[in-house]
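Data block below; observations after.
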Amino acid sequence: MHIEKIRLKNFKSFGKKAEIPFFKGFTVITGPNGSGKSNIIDSILFCLGLSTSTKQLRAERLTDLVHNGRSEAEVAILFSENGKKYEIARKVKITEKGYYSYYYLNGKSVSLSEIHSFLSQFGIYSDAYNVVMQGDVTRIIEMSPFQRRKIIDDVAGISEFDEKKEKALEELERVRESIEKLEAVIAEVNDRLQTLERDRNEAIRYKEILSKKEEYEGYLRAHNYLTAVKSKEKVERELERLERQKDELTSKIPEINARIAELNEKINELAAKISELGDESSAEIQSRILELSSELESLRRAERFYLDEAKRLEEESVKIISEISKIKEEMEILDGELEEYAIKRIQVGEIVDELAAKMELLRQRLEEVDKKHRELRDRLVSRKEELERYKERRGEILRERDKLIELLRRIDMDVEDIKNEIASIESKLKEFETEKKAKQEEVWKQEEELMSAKKMLSSADKKLFDIRAKISDVEEELKKAELELAKVKATLSTLRTYSKPVEILLDARNRRELPGIFGTVAQLGEVDEEYVAAIEAAAGNALQFVVVETEDDAVSAINFLKAVRGGRATFIPLRRIKSFKLSLDKSILKEDGVIDFAVNLVRCDKKFQPVFRFILRDTVVVDRIETAKRLMDRGFRFVTLDGDIVEKSGLMTGGSAEKRGILVSRELLEKERILSDKIYELQREKDGLFAELNRAESLRKQYKDEVDRLTGMISELRNRISLLDEKIRTESGRIEELREKISQKSREKENYISSLKDYNSKLAEMEEAIGELEAEIEEIERMLRGSEVPKIVEELDKIKEEHQRNREILISIEKKIESLEFKREQLESSMQEKQVYLDEIKDRIDEIRRTIEEGKARVEEINSELE
């Protein structure tokens, strides 16, 4: 195929349309430097897509091929082959967002692969020598015979067959691998069949076990039933025991109540003593109690806080343990890879040793073939061995340099990780500082509220002391009144001593067994103290008569006495005597010494006046017996203030009285009423004071709870601030450690960079020496052509190349092993760091637990002091 002409438009230096013809034979294009000769070759590479990069076209970017000031460029090449015409064109167009590039074949838009496919039909390939660039001829001249032979093979098309052979071998290898995979699949299927067989046997066994399970479950249910029955019996016995214990405790209740009463008395005594000690001493005691209570609550809150912190640290330790476990798993995987690469290293090492043995055999063969060329051969072998040593040394230097480059890369990665960690810690520190500031402000605010609450609590305590002092005074006054009332009641009880039958009747009335009884005559009236003796003497035994509503009530009472064999009593049916009239001659009252009619000296309910008229009738009360004697002829019954009696018949009764009768004086009853009212008022006042005390205690409890709450909050906030300070110190220390690590890494990096420069300098020296040796070896080989030596040397070179290739593979494996070992060391270092951090967490947990134990001991001390 022949290029007839090339059309260029805006391509590189061709700013206008240009058409360059190509004639059959050898076409030469001449011109001064910079006239665009090389741009024609570049246009062919550009149009046919034979360049692998824009650098071959002497341009950084594809758009650099467009002539200055233009937006598009175009190159078209016209081919002819056996009279047929073909045109291949390519355009590149600059846009706002970039550029577009298009290929055309005979005016039809196609892809680059289609262009290459079309050209390959005529033996034109992108990697062939259809276009010889500047410097290619010089490079071919300087090549070794083996390299030039490869070029000839490429040009002649032999390399295509080699490629096809390689592809066929690769396909054969793939088929072999497929067969191996199929064999592996078959083996796996066989294994699967065996597994399924085992699963089948397991299923049969499972079915048998399931039937046994149902049988044993029946046994288990029976056993559970029997166990439940026994448990029920045990519970019933326990219930009986608890019932007995309950009865015992119930029987102890009176004793406990008595003990409570005794303790209450002691409390009252202590309260009295506290009142005697004075407000200041009590305030000190209350203040100490408050202080201890606040400290106790603070310790309890601190204990809860430390328990939460210990829980958090334990969770973090579990997380770190999990991370350590993952690192161990990664290390196990790395160990597996290391073992695999170690095996590969052994295998490749065996190949290298085998090739070395072949090389030794060829060297021996070389000695046998041509002894006359021994000097040249020795020189050739010596130079090749020297070249091999240089190459090995170069390989070692390259490996060492690669290690340094890898170490530098690792250092950069480590530094970046450390910087990220520092940034993360600094972010945490900012959060800690912000939180600490907020907590400190909250502490100040809570302390102000605490001072206010303590003032309110102190005021409440003072009010409590005042109320308790008032209660103590009221209780003292109440005790005195109750004692005096008890004496009055004792006197009344002594006065109101009736006969046994009357006591029985009054008791039955109180039990509501005899509803018609009003009481005794003595109970229904009141007399001034100075007239008591006179009225008692005048009424006599009638004071024990029982006043009833009707005769039927009297009959019921009599039958009741008979039934209980209670004796005999006299009854006054009120209905029978209420019409009783009494006519009194009041002229007697004008006499000296006469006080009044006895009936007029008794005060009673209007309903019961007939009773006293019936009993006392016309009895006149006089001052002394002489007055009665003087007036005894007037036809009245007289009684003196001392209780002496002068009957109408002249019968006289008198003398000294052994004891007072059963009639109660009005003064005594009035005193009883006044004392009862006073006790009632004092009790009301006491109840009011206790109600006020309860309110004051409730209010004090609110203030106390507020003080405890604020104290606890302040303690908790201070604990949190302390913890934040500790975290800030820890994290700041961690930042310093990390920065020191960065400094250390920087120093290591400087050392590695210095070593890298040394290695690069050595590599340059090695490359120069290798170039000189290769030139010398080529000259010796030229001199040895015509003998068998070159063939043997060529075969030796091939084996050496194979040996070198396997050595490079071995080196690659060793580098991989070194990389894996380095990674494993990093993992191990990370694991050790995490283990150290884990130990620190455990130490912190132990410290927190010791703090909690100390707090508990302090709580016990406070409780003891409070008790």
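Heads up: the sequence shown is residues 135 to 1001, going by the numbering used here.
Here a beta-carbon is modelled for each residue, glycine too, at the ideal position from N, C-alpha and C.
Just grab the DSSP bridge partners of Val780 for me. In the sequence shown, the residue the question calls residue 780 occupies position 646. Paired residues: Phe772 and Met786.
Pull up the distance between the alpha-carbon of Leu538 and that of Ser953, whole angstroms please. Reading the sequence shown from its first residue, position 404 is the one you call residue 538. Reading the sequence shown from its first residue, position 819 is the one you call residue 953. When rounded, the distance between both Cα atoms is 12 Å.
According to DSSP, what are the bridge partners of Val682? Sequence index remark: in the sequence shown, residue 682 carries index 548 (1-based). Its beta-bridge partners are Ile651 and Pro707.
Is it the case that the segment 871-889 contacts the segment 545-553, given that we only count it when at least three CB pairs across the two stretches are under 8 Å? yes
Does DSSP put Pro166 in a helix, a strand or coil? Position 32 of the sequence shown, counted from the start, is the residue given in the question as residue 166. Pro166 falls in the coil class under three-state DSSP.
Identity of the residue in Asn144, Ser889, Val162 and Glu230 nearest Leu532 by Cα: As a first step, residue 532 is located in the sequence shown; it is residue number 398 there, counting from the start. Nearest C-alpha to Leu532: Ser889.
With contact counted as at least three CB pairs below 8 Å, one residue from each stretch, are the segment 665-673 and the segment 729-736 in contact? Remark: three or more beta-carbon pairs, one from each stretch, lie closer than 8 Å, so the segment 665-673 and the segment 729-736 are flagged as touching.
Cβ neighbour criterion (16 or more within 10 Å) applied to Val682: To locate residue 682, count along the sequence shown from 1; it is residue 548. Taking every protein chain shown into account, the CB of Val682 has 16 or more other CB atoms within 10 angstroms, so this residue is buried.
In chain order, what residues of the same chain have a beta carbon less than 7 Å from the beta carbon of Ser185, not counting five sequence neighbours either side? The residue labelled residue 185 in the question sits at position 51 within the sequence shown. Leu179 and Leu191.
DSSP puts Ala152 in a beta bridge; with which residues? Taking the sequence shown and counting its residues from 1, the one referred to as residue 152 is at position 18. Answer is Leu142, bridged to Ala152.
Once you ignore the five residues that flank Val780 on each side, which residues in its own chain have a CB closer than 6 Å to its CB? In the sequence shown, counting from the first residue as 1, residue 780 sits at position 646. The answer, listed in chain order, is Ala762, Met766, Phe772 and Met786.
By Cβ distance below 7 Å, which residues in the same chain neighbour Glu1010 in space, the five residues on each side in sequence not counted? Missing from the structure shown is residue 1010; the chain here goes from 135 to 1001 and no further.
Suppose the cutoff is 8 Å on Cβ atoms and the five residues either side in sequence are ignored; what does the same chain contact list for Gln817 look like? In the sequence shown, counting from the first residue as 1, residue 817 sits at position 683. For Gln817, where only same-chain residues beyond five positions count, the Cβ hits under 8 Å are Leu612.
Tell me Tyr220's beta-bridge partners as DSSP assigns them. If you number the sequence shown from 1, residue 220 lands on position 86. In DSSP, Tyr220 forms a bridge with Phe213.
Just curious, the beta strand (DSSP E) that Asp719 is in, first and last residue? Position 585 of the sequence shown, counted from the start, is the residue given in the question as residue 719. Element bounds for Asp719: n/a, residue is neither H nor E.
Run through DSSP, which three-state label would Leu239 get? Position 105 of the sequence shown holds residue 239. Strand, per DSSP.
Looking only at its own chain, which residues have a Cβ that is under 6 Å from the Cβ of Glu193, when we skip the five neighbours before and after it? Against the sequence shown, residue 193 aligns to sequence position 59. Per the sequence presented here, residue 193 reads as Ala, with Glu not at that position. Around Ala193: Leu199.
If you follow the alpha helix (DSSP H) that Phe252 is part of, which residue opens it and which one closes it? Here residue 252 is taken as the residue at index 118 of the sequence shown, counted from 1. Start and end: Leu246 to Ser254.
Taking 8 Å as the cut-off, decide whether the C-beta atoms of Gln580 and Leu851 are in contact. Counting from one through the sequence shown, the residue named residue 580 turns up at place 446. Counting from one through the sequence shown, the residue named residue 851 turns up at place 717. When the beta-carbon positions are compared, Gln580 and Leu851 come within less than 8 Å of each other.
With a cut-off of 8 Å on the beta carbons, I'd call Tyr524 and Ile975 a contact; round off their distance for me. For the purposes of this step, residue 524 is identified with residue 390 of the sequence shown, where counting begins at 1. For the purposes of this step, residue 975 is identified with residue 841 of the sequence shown, where counting begins at 1. Contact flag wrong, Cβ pair sits at about 57 Å.
Would you say Val577 and Ile848 are within 8 Å of each other, going by their C-beta atoms? Locating residue 577 in the sequence shown gives position 443, where the first residue counts as 1. Locating residue 848 in the sequence shown gives position 714, where the first residue counts as 1. In contact: Val577 and Ile848 (Cβ atoms closer than 8 Å).
For Tyr475, does the count of other Cβ atoms within 10 angstroms reach 16, so buried, or fall short, so exposed? Your numbering for residue 475 matches position 341 in the sequence shown. Buried, since its Cβ has 16 or more Cβ neighbours within 10 Å.
When the cut-off is 8 Å and only beta carbons count, does Ala476 lie next to chain D? Protein chain content of the structure displayed is limited to a single chain, and chain D is not contained in it.
At 4 residues or longer, what runs of the alpha helix (DSSP H) sit wholly inside the segment 444-477? none
Apart from the five residues on each side of it in sequence, which residues of its chain come closer than 8 Å, Cβ to Cβ, to Ile478? The residue you call residue 478 lines up with position 344 of the sequence shown. Per the sequence shown, the amino acid found at residue 478 is Lys instead of Ile. Closer than 8 Å at Cβ, skipping near neighbours: Ile947.
Out of Asp973, Tyr971, Val970 and Phe956, which has the shortest C-alpha to C-alpha gap to Glu471? Taking the sequence shown and counting its residues from 1, one reaches residue 471 at position 337. For the residues Asp973, Tyr971, Val970 and Phe956, the minimum Cα distance to Glu471 belongs to Phe956.
According to DSSP, residues forming a beta bridge with Lys225: Taking the first residue of the sequence shown as 1, we reach residue 225 at position 91. Its beta-bridge partners are Glu208 and Tyr236.
Name the DSSP bridge partner or partners of Arg737? Looking up residue 737 in the sequence shown gives position 603. Answer is Glu660, bridged to Arg737.
Using three-state DSSP, classify Val265 as helix, strand or coil. For this step, residue 265 is matched to residue 131 along the sequence shown. If DSSP states are grouped into helix, strand and coil, Val265 belongs with coil.
If we count the other Cβ atoms within 10 Å of its Cβ and call it buried at 16 or more, is Lys934 buried or exposed? Numbered from its first residue, the sequence shown carries residue 934 at position 800. With 16 or more other CB atoms across the displayed protein chains lying within 10 angstroms of its CB, Lys934 is buried.
Nearest-angstrom Cα distance between Asp776 and Gly788? In the sequence shown, counting from the first residue as 1, residue 776 sits at position 642. In the sequence shown, counting from the first residue as 1, residue 788 sits at position 654. Distance between the alpha carbons of Asp776 and Gly788: 8 Å.
Going by alpha carbons, who is nearest to Met135 out of Gly159, Leu972, Lys143 and Ala830? What you label residue 135 is simply residue 1 of the sequence shown in a count that begins at 1. Taking only the C-alpha atoms, the option nearest Met135 is Gly159.
If you draw a straight line from the C-alpha of Asp325 to the C-alpha of Arg527, how long is it? Sequence index remark: in the sequence shown, residue 325 carries index 191 (1-based). Sequence index remark: in the sequence shown, residue 527 carries index 393 (1-based). So the two alpha carbons sit approximately 51 Å from each other.
Below 7 Å CB to CB, which residues in the same chain sit around Gly149 once its five sequence neighbours on both sides are set aside? The sequence position of residue 149 within the sequence shown is 15, counting from 1. Closer than 7 Å at Cβ, skipping near neighbours: His201.
With distances taken between CB atoms, is the gap from Ile228 to Ile211 smaller than 8 Å? Stepping through the sequence shown from its first residue, residue 228 is reached at position 94. Stepping through the sequence shown from its first residue, residue 211 is reached at position 77. No, the Cβ-Cβ distance between Ile228 and Ile211 is not below 8 Å.
When DSSP builds the beta bridges, which residues end up paired with Phe714? Working through the sequence shown from its first residue, we reach residue 714 at position 580. According to DSSP, Phe714 bridges with nothing at all.
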